[in-house]
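Peer 1:
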Amino acid sequence: MRAVVYDAPGSFTVRDVPLPEPGAGEVRVRMTAAGMCGTDLHLHEGQFLASFPLTPGHETVGVIDALGDGVVADGTGSPLQVGQQVVINPNSSCRRCAYCRESRPWLCELFAGIGSSTPGGFAECVIVPQEQVFDASGIPLELAVFAEPSACIAHLMDRLDPLTGCSVVVLGAGPTGVLLTQFLRMRGAAAVVLADPNAYKLDRARSLADISTHVVDRGDVRGTVQRLRGEQGFDVVIDATGRVDVIAELPELARNGGRIVYYGVADESSRVSISPFEIFRRELTIMGSFTEVDSFPDALDAFRSGAIRTEGIITHRYPIDAYAEALQAMRTDSSAHKIVITPQD
Ligand SMILES: [Zn+2]
Ligand SMILES: [Zn+2]
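Residues 623 to 967 in the working numbering are what the sequence shown spells out, letter by letter.
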């Protein structure tokens, strides 16, 4: 089968590798689509827990191609059969360390990811333990491919609970920002502002936003804060860019007692200057939210409820042999929103 294979950071080829066979309790999934995201750029550089050789691809949807011995059910106990559409939770924990025993598996010391520590979805097929496969029958591909980023967002929503009545600003209208605003509204946030400098992304976001979501140009954020909140900022301020210049501005957008969330993936070497006095005096909380282990059922429930819309977010599709072009578009094409690899093309 064809697969993207990195031998070292920055160095990959698309080549033929043996078709993997599912072992006991494992499922082979034939990839229909695998989304690219900022994490893949970090993996390209060898960051973000990358272990080599590596086939990336962690936002995946496909069809069951073969079942290993003893496979009976997916991560929610639903029966699995060949030909069924599924999404794959790439994340797993050791179930034994102190964090796992505290029921906080996303903090696991031996956290593992399909597409970062084991072969992922930028390949024709992937091998997955049955408990990390989730039935996605009937969910349109354009939505199903967002299951992993949505599950990570569902985890963030749990961390921010309760959100009822909160005002929230999200900086960065990439696919994650657009999904975030919808989950925030679904979880009860009263007013949500989504800001970005990219006119194309703003346009897409506006077409999907509800009446209580204000989509604004990045340059208008302070004006919007004034208009909506007066002298007070927002209860929750979320960075979905990972950019240092954006992250540095978060405290001034928060109201006293507010929560600041680092959600975008910053470069490992980047640093931000903050005022400890301001954090102290205004009782601000700074928190991170990394990933998920057990939030796929929440994401799929949200999809099936009709509350999450993604029309028009996928802008670019590439066959696996054009992976280099996809990476290039990810870095330089300002009209690229969600880029998807389609391994069967
Ligand atoms: Zn991702
Ligand atoms: Zn663990």
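Note that CB positions come from ideal geometry on N, CA and C, so glycine has one too.
Which residue wins for smallest C-alpha separation from residue 840, given the options 937, 834, 832 and 869?
Peer 2: 869
Peer 1: Return the CA-CA distance between residue 810 and residue 798, expressed in angstroms with no decimal places.
Peer 2: Computed Cα separation, rounded: 18 angstroms.
Peer 1: For the stretch 881 to 894 and the stretch 852 to 868, state whether three or more C-beta atom pairs, one from each stretch, are separated by less than 8 angstroms.
Peer 2: yes
Peer 1: Sorry if obvious, but does the Cβ on residue 719 come closer than 6 angstroms to a heavy atom of ligand 1?
Peer 2: no
Peer 1: Residue 626 and residue 639: beta carbons closer than 7 angstroms?
Peer 2: no
Peer 1: Opposite residue 958 in the DSSP bridges: which residues?
Peer 2: Residue 958 is not bridged to any residue.
Peer 1: Leaving aside the five residues before and after residue 803 along the sequence, list all residues of the same chain whose C-beta is less than 7 angstroms from its C-beta, in chain order.
Peer 2: 792, 814, 816, 831 and 835
Peer 1: I'd like to know if the stretch 926 to 943 and the stretch 896 to 911 are in contact, where contact means that at least 3 CB-CB pairs between them fall below 8 angstroms.
Peer 2: Touching, no.
Peer 1: Quick check on the DSSP output: the alpha helix (DSSP H) that includes residue 910 runs from which residue to which?
Peer 2: Premise fails: residue 910 lies in the beta strand (DSSP E), 907 to 910, not in any alpha helix (DSSP H).
Peer 1: Can residue 877 and residue 910 be called in contact, C-beta distance under 7 angstroms?
Peer 2: no
Peer 1: Could you give the DSSP three-state label for residue 885: helix, strand or coil?
Peer 2: coil
Peer 1: So does residue 671 have its beta carbon nearer than 6 angstroms to some heavy atom of ligand 2?
Peer 2: False, no ligand heavy atom lies under 6 angstroms from that Cβ.
Peer 1: For residue 935, which residues of its own chain have a beta-carbon under 7 angstroms away from its beta-carbon, when the five flanking residues on both sides are left out?
Peer 2: 797, 800, 826, 959 and 960
Peer 1: At what residues does the beta strand (DSSP E) containing residue 643 begin and finish?
Peer 2: Counting along the chain, residue 643 sits inside no beta strand (DSSP E), nor does DSSP assign it H or E at all.
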